[in-house]
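This report refers to the structure that appears directly beneath it.
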Amino acid sequence: MGSFLETVYDVLFNPKEAMQIIAEKKLTGQALVMFTIGMLVPVWAVYAGIKDTTGVPAVGFLFILHGIGSLLFWVISAAVLTFVAELFGGRGTAVGLFAALGFSHLPRVVVMPLWVIASLLPAGIQGAAFGVIGVIVVIWTLSLHVAALRGAHGLSGIKAVLVLVAPMLALIGTITVLVIFAGSALIHLPFYG
Numbered sequence: 001m002g003s004f005l006e007t008v009y010d011v012l013f014n015p016k017e018a019m020q021i022i023a024e025k026k027l028t029g030q031a032l033v034m035f036t037i038g039m040l041v042p043v044w045a046v047y048a049g050i051k052d053t054t055g056v057p058a059v060g061f062l063f064i065l066h067g068i069g070s071l072l073f074w075v076i077s078a079a080v081l082t083f084v085a086e087l088f089g090g091r092g093t094a095v096g097l098f099a100a101l102g103f104s105h106l107p108r109v110v111v112m113p114l115w116v117i118a119s120l121l122p123a124g125i126q127g128a129a130f131g132v133i134g135v136i137v138v139i140w141t142l143s144l145h146v147a148a149l150r151g152a153h154g155l156s157g158i159k160a161v162l163v164l165v166a167p168m169l170a171l172i173g174t175i176t177v178l179v180i181f182a183g184s185a186l187i188h189l190p191f192y193g
């Protein structure tokens, strides 16, 4: 796995081993290229579709904001998932996971031809086609995230899924507790019933 295209090929057809090699070699440069392509291709497709639409003056700013936000989310998710993976007994580095997670943006590029084909379908089945494609992309991306965690930290499949789900469950639990406390505090305010 030397060149960028060889790495992409390996991620497509042998993701578990590819993610392990990406994490071991810390191919952050290639991951950044994959991330950039994964960001630009869908953005260009959206821009081409709405560039002549009136009432969308801030489209360029929104695309820049989307790119910066996605980059920050990629960095933060690599750090958080590395921390959680270490709690589950994983042995790896944040940089290795960062590189492997960069290649999980591959489905965003590969799916573009499918979106074009779906847009050419009759109006009655277009929505269903876009829905099916969306589900495929989500499942494929999550499976690449699991492969990245397995490859970067040497976790089993179940532990990798738990590491991926744990931050979301912690966030949901925290929000639930905050809402309960806020609700109980509001009951004691003088303007309440």
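With the UniProt record's numbering applied, the sequence shown covers 1 to 193. The C-beta atom is built at its ideal place from N, Cα and C for all residues, glycine as well.
- Item | Straight-line gap, G183 to A166 (C-alpha atoms, nearest Å) | 26 Å
- Query: Quick one: is L144 buried, meaning 16 or more other Cβ sit within 10 Å of its Cβ, or exposed?
  - Reply: buried
- Which residue's Cα is closest to the Cα of M39: G92, F73, G157? F73
- Message: Please confirm whether G38 has its beta-carbon closer than 8 Å to some beta-carbon of chain C.
- Response: Among the chains of the structure shown, chain C does not appear; only one protein chain is present.
- Every unbroken alpha helix (DSSP H) inside the region 3-34 [4 residues or more]: 4-13, 15-25
- Item | Residue from T36, G154, K25, I68 whose Cα sits closest to the Cα of V109 | T36
- Buried or exposed (CB count within 10 angstroms, at least 16 for buried), R91: exposed
- Message: According to DSSP, is H66 part of a helix, a strand, or is it coil?
- Response: Here H66 sits in helix by DSSP.
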